[in-house]
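Mind the numbering: the sequence shown is residues -23 to -1, 1 to 465 in mature numbering (1 follows the signal peptide of the UniProt record, and there is no 0), read in order.
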Amino acid sequence: MKQLSLLLFTLLCLSCITSSTNASVVGVTTVPEDGYVEGQKVKKLVTLSEVSFRRARHDTANPIFLYMFGAYWCGHCKRLTPILEATAPQVAGRIAIGKIDCTDDKRLCEEFGVRGYPTLKYSLDGILYDYTGGRSEEDFVAFAERLSRPVMTIVDSVEQANKFTQDQTYGHGVSFVCHDPRKTVAAPASTLTVEQLAATSPIYKVCKQAARKELAHAHFSALTARIDTSAITGVPSSVVADDTDSGATQDLDAPPPTPLQKGGFVCRLEAHVPSRCLLEQHTMIDVESVLEFVKRNNVATLTEFGPHNFHRIGRLGRPLVIGVVDKRQEEIMGRIQKELESFAINGPARLTNEKYYFGWMDGVRWANFLEQFDVQQTELPQAFVLDVPRRLYWQDSYYREKTLQAFLTAIDDGYIRPKESRGVRGAGLFGWIFSGWTLLLLLIGAAGAVVVLSPDAQGLLGGGGKKKKKDGGGSQGGHDALLGKKNQ
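What follows is the structure, given as C-alpha cells:
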C-alpha cells in the first residue's frame, strides 16, 4: 500500500512539472527539428517529413514551395543541397524551399511519382508541378522572380502588348494577350489592378486564373483599350459587333468607335510572326480551354533546345524538328536558323500547322547525346525529327543535301521510316528519356554497374536520377558515362 501511494505521488509530481513547463512557454512557438513551422515564412532550407510536407503544400504563408525529393546516399542530392541552402535566404518571402528524404518517406515519394533522385517539384496554391528548369543558384533565383511577378500585366494598346511580348526573355518572346471588347475602360492601365479588371469580365477572370496556373512558364497581358481588331493578326476584323450594344464599353469619353469583334479573344503574340488566337465566337473561353491553348502554343516559332526547355517541349505531344549546328560557325548557324524559321512560318500547312515544334541544338556541346540519333559531330549541319511520346526519330543521310521541305515531306509520305535509339549495349538510352529522370542511368550487366550522362545532359533531360537499392554515394558524372565507362 505504501509503494502504491509512493507511485501515485511520483506521477502527481511529474504531472505538475509538465504542466508548469507547458505554462511557462504559452505563446511561444516551438520550432521542430526540421525547421518548418506552418504559418510562418520559410527563410532557409527546411527538412520535411510526410506530415509536414502535406501541411507545407497548403500553407497560405508559403503559397509557393520548391521541394527536392532525394536520398541520404544520393551524390547528386548532396551536391544540390548546398545550392538550395544558399538560394533559400535569397528567395525568402517569395518561395520556400524544402527537402524530403525518400528513404524515410518512401510512401510519399511513390504517391507523387518520384522515380529518381534528385527530383524537383514545386507547389503553387496547393497544386504540385514538375520543376524542369536549371539547377544553379542563379536558375533558382530567376525561378523565384518569375513566380513572384504579377500574374498579368495590364496594357492599354496593341503597341504596349507587343512591347511586353518582346521584353520577355525566358519565354523567348512569346506572350498571351486577353481582350474583351465589351469591357474596355477609360482608366489608364497603370491605375488598374488585375483583381479590379477580373471583376469586370469573365474573360479577364479566366485569364487571371489561367495565368496564375502558368505563372512559371507563360506571360499574360490584358488589353483594356478599345481597339481595331485588324491590329492583331488572327482576329477576323470582318466579324464585328454592334457598336450600339449597351455593354460595348465602359468608357464614357471614348473616341469614335472602331470595329469590335463579337466576343473576346486570347491571342499568342510573337514578334514578326502571325498571331494565333482563341476566339470566343468559336470556342467557349474557360480556364481549361485557355490552359490547353497556352500549353500548345507557348513555344517560340524557333527555339534553342537545352536544359531550360527540352524536357517540357518534348512532352507536349508534337515531334521536334531539330537543326543541329556547330555554334562556332556563326554564318552557317544563322543560315540554318533562318531556313528553319522561314519554313515554320511559311511552309505548307500539312507540314507546319501545329504538326511540329522547330528548334536547333549545338551539335558540339550535345555531341554525345546526339550520337544515339545517328547525328555525328563531323557531319554538321543536319536535321532530324524526334517524337518524344512515341520514342522514335527520323534521320536519313540521303536528305542531308536536300531541302527541309523535301525531308519532312518524305517523312510525311512514309518514305523515311522511324528508328529507335541505338542506346548502349541494348539498354535503350532513348527509352530512359521519357521517365523524367535527370540522371540517365543505364544498368549494364548483371552486376548492375551504373553509368550516367554528363551534367549538361542531366539538365537537358530533366527530372531526377534513377534510384539505387543499395546505399552508396552519388553517381559519377562526366562524359565517361557516354563512353561506357563504369562508375567508380
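Ideal placement from N, C-alpha and C gives every residue a C-beta, glycine not left out.
Owing to the predicted nature of the structure, the values given are computational and were not obtained by experimental measurement.
Just verifying my parser: in three-state terms, what is the DSSP assignment at T24?
Taking the first residue of the sequence shown as position 1, residue 24 is located at position 47. T24 falls in the strand class under three-state DSSP.
Which residue comes first and which comes last in the alpha helix (DSSP H) that contains D303?
For the purposes of this step, residue 303 is taken as the residue at position 326 of the sequence shown. No alpha helix (DSSP H) holds D303; DSSP gives it neither H nor E.
Using only the alpha-carbon positions, how far apart do G93 and T58 sit?
Walking along the sequence shown from the start, residue 93 turns up at place 116. Walking along the sequence shown from the start, residue 58 turns up at place 81. Roughly 16 angstroms separates the two Cα atoms.
If the criterion is Cβ atoms closer than 9 angstroms, does the pair K21 and P66 meet it?
Here residue 21 refers to the residue found at position 44 when the sequence shown is read from its first residue. Here residue 66 refers to the residue found at position 89 when the sequence shown is read from its first residue. For K21 and P66, yes; Cβs fall inside 9 angstroms.
Could you tell me which whole beta strand (DSSP E) segments of length 3 or greater appear in the stretch 104 to 156?
104 to 107, 130 to 132, 151 to 156
Enumerate in chain order the residues of its own chain whose CB-to-CB distance from G340 is below 7 angstroms, with the five nearest sequence positions on each side excluded.
Within the sequence shown, the letter at position 363 stands for residue 340. Only V301, V302, D303, L347, V352, Q354, L357 meet the Cβ criterion.
Spatially closest choice to T37 from R84, V14, Y49, M129, by CA coordinates
Here residue 37 is taken as the residue at index 60 of the sequence shown, counted from 1. Nearest C-alpha to T37: V14.
With DSSP run on the structure shown, which of helix, strand or coil describes M338?
For this step, residue 338 is matched to residue 361 along the sequence shown. M338: strand per DSSP, three-state reduction.
Expressed to the nearest angstrom, what Euclidean distance is found between the alpha-carbon atoms of G90 and T24?
The sequence position of residue 90 within the sequence shown is 113, counting from 1. The sequence position of residue 24 within the sequence shown is 47, counting from 1. Their Cα atoms are separated by approximately 19 angstroms.
On the DSSP letters alone, give me the boundaries of the beta strand (DSSP E) that A48 sits inside.
What you label residue 48 is simply residue 71 of the sequence shown in a count that begins at 1. No beta strand (DSSP E) holds A48; DSSP gives it neither H nor E.
Within the continuous alpha helix (DSSP H) that includes R189, where are the two ends?
Locating residue 189 in the sequence shown gives position 212, counting from the first residue. Note, R189: alpha helix (DSSP H), 179 to 190.
Helix, strand or coil for P158, going by three-state DSSP, please let me know.
The residue given as residue 158 occupies position 181 in the sequence shown. It is helical.
Residue(s) in a DSSP beta bridge with D78:
Here residue 78 corresponds to residue number 101 of the sequence shown, with the count starting at 1. DSSP lists G47 as partners of D78.
Between K183 and N345, what straight-line distance do the alpha-carbon atoms span, to the nearest angstrom?
Working through the sequence shown from its first residue, we reach residue 183 at position 206. Working through the sequence shown from its first residue, we reach residue 345 at position 368. Looking at the sequence provided, one finds Val at residue 183 rather than Lys. Taking the straight line joining both Cα atoms gives about 44 angstroms.
Alpha-carbon to alpha-carbon, H288 and V76
Here residue 76 refers to the residue found at position 99 when the sequence shown is read from its first residue. Here residue 288 refers to the residue found at position 311 when the sequence shown is read from its first residue. Going by the sequence as given, residue 76 is Lys instead of Val. Going from the Cα of K76 to the Cα of H288 covers about 22 angstroms.
Have a look at the DSSP bridge pairing and note the partners of W371.
For the purposes of this step, residue 371 is taken as the residue at position 394 of the sequence shown. In DSSP, W371 forms a bridge with V362.
If you follow the alpha helix (DSSP H) that V264 is in, where does it begin and where does it stop?
In the sequence shown, counting from the first residue as 1, residue 264 sits at position 287. Segment 264 to 274, the alpha helix (DSSP H) holding V264.
When you compare each of E397, A326, A48 to C79 by their alpha carbons, which one comes out closest?
Against the sequence shown, residue 79 aligns to sequence position 102. Among E397, A326, A48, the Cα nearest to that of C79 is on A48.
Which residue's Cα is closest to the Cα of residue 471: P179, R295, G291?
With the chain covering -23 to 465 only, the question about residue 471 has no answer from this structure.
If you drop the 5 nearest sequence neighbours on each side, which residues of the same chain put their C-beta closer than 7 angstroms to that of H285?
Position 308 of the sequence shown, counting from 1, holds the residue named residue 285. Correct list, in chain order: G110, G111.
Helix, strand or coil, according to DSSP, for T96 in the structure here?
Here residue 96 refers to the residue found at position 119 of the sequence shown. Three-state result, T96: strand.
Does the beta-carbon distance from T201 to V132 come in below 9 angstroms?
Translated into positions along the sequence shown, residue 201 becomes position 224. Translated into positions along the sequence shown, residue 132 becomes position 155. Against a cut-off of 9 angstroms, the Cβ pair of V132 and T201 comes out as a contact.
Q17 versus T130 - alpha carbon distance:
Stepping through the sequence shown from its first residue, residue 17 is reached at position 40. Stepping through the sequence shown from its first residue, residue 130 is reached at position 153. So the alpha carbons of these two residues sit roughly 29 angstroms apart.
Just confirm the distance between the C-beta atoms of V151 and N275, as a whole number of angstroms; I'd bet it's less than 8 angstroms.
Residue mapping note: residue 151 aligns to position 174 of the sequence shown, counting from 1. Residue mapping note: residue 275 aligns to position 298 of the sequence shown, counting from 1. V151 to N275, Cβ: 6 angstroms. Contact.
Drop a sphere of 10 angstroms on the beta-carbon of R394, count the other beta-carbons inside from all chains shown, and report buried for 16 or more, exposed for fewer.
What you label residue 394 is simply residue 417 of the sequence shown in a count that begins at 1. Classification of R394: exposed, given that the 10 Å Cβ count is below 16.
Let's test the definition: count the other Cβ atoms within 10 Å of the Cβ of R31 and tell me whether it reaches 16, buried, or not, exposed.
For the purposes of this step, residue 31 is taken as the residue at position 54 of the sequence shown. So R31 counts as exposed.
Measuring straight from C-alpha to C-alpha, what distance separates D219 and R203?
Numbered from 1 along the sequence shown, position 242 holds the residue referred to as residue 219. Numbered from 1 along the sequence shown, position 226 holds the residue referred to as residue 203. Its pLDDT being 35, under 50, D219 is placed unreliably by the model, and nothing is read from it.
Residue from I74, D389, E122, R84 whose Cα sits closest to the Cα of residue 512
Since the displayed the chain opens at -23 and closes at 465, residue 512 lies outside it and no answer follows.
Proximity below 9 angstroms, CB of R368 to CB of E331:
Walking along the sequence shown from the start, residue 368 turns up at place 391. Walking along the sequence shown from the start, residue 331 turns up at place 354. It is not a contact, given that the beta carbons lie outside the stated cut-off.
For L293, which residues of its own chain have a beta-carbon under 8 angstroms away from its beta-carbon, when the five flanking residues on both sides are left out?
Residue mapping note: residue 293 aligns to position 316 of the sequence shown, counting from 1. Excluding positions up to five away in sequence, the list reads K272, R273, V276, Y334.
If I299 and A360 are in contact, beta carbons under 8 angstroms, what's the gap, nearest whole angstrom?
Sequence index remark: in the sequence shown, residue 299 carries index 322 (1-based). Sequence index remark: in the sequence shown, residue 360 carries index 383 (1-based). Correct: roughly 6 angstroms between the Cβ atoms.
Do you know whose CA, among C86, K98, K83, D81, lies nearest L43's CA?
In the sequence shown, the residue the question calls residue 43 occupies position 66. Ranking the options by Cα distance to L43, first place goes to K98.
Backbone CA spacing between G336 and L279 [nearest angstrom]:
Your numbering for residue 336 matches position 359 in the sequence shown. Your numbering for residue 279 matches position 302 in the sequence shown. Approximately 5 angstroms between the Cα atoms of the pair.
If you reduce the DSSP assignment to three classes, tell me which class I313 lands in.
Looking up residue 313 in the sequence shown gives position 336. If DSSP states are grouped into helix, strand and coil, I313 belongs with the helices.
Do I388 and V362 have their CB atoms nearer than 9 angstroms?
Taking the sequence shown and counting its residues from 1, one reaches residue 388 at position 411. Taking the sequence shown and counting its residues from 1, one reaches residue 362 at position 385. Yes, these two residues count as a Cβ contact at 9 angstroms.
My guess is that Y376 and F350 are in contact by the Cβ rule of under 8 angstroms, so how many angstroms apart are they, rounded?
Numbered from 1 along the sequence shown, position 399 holds the residue referred to as residue 376. Numbered from 1 along the sequence shown, position 373 holds the residue referred to as residue 350. The pair is not a contact, with the Cβ atoms about 14 angstroms apart (cut-off 8 angstroms).
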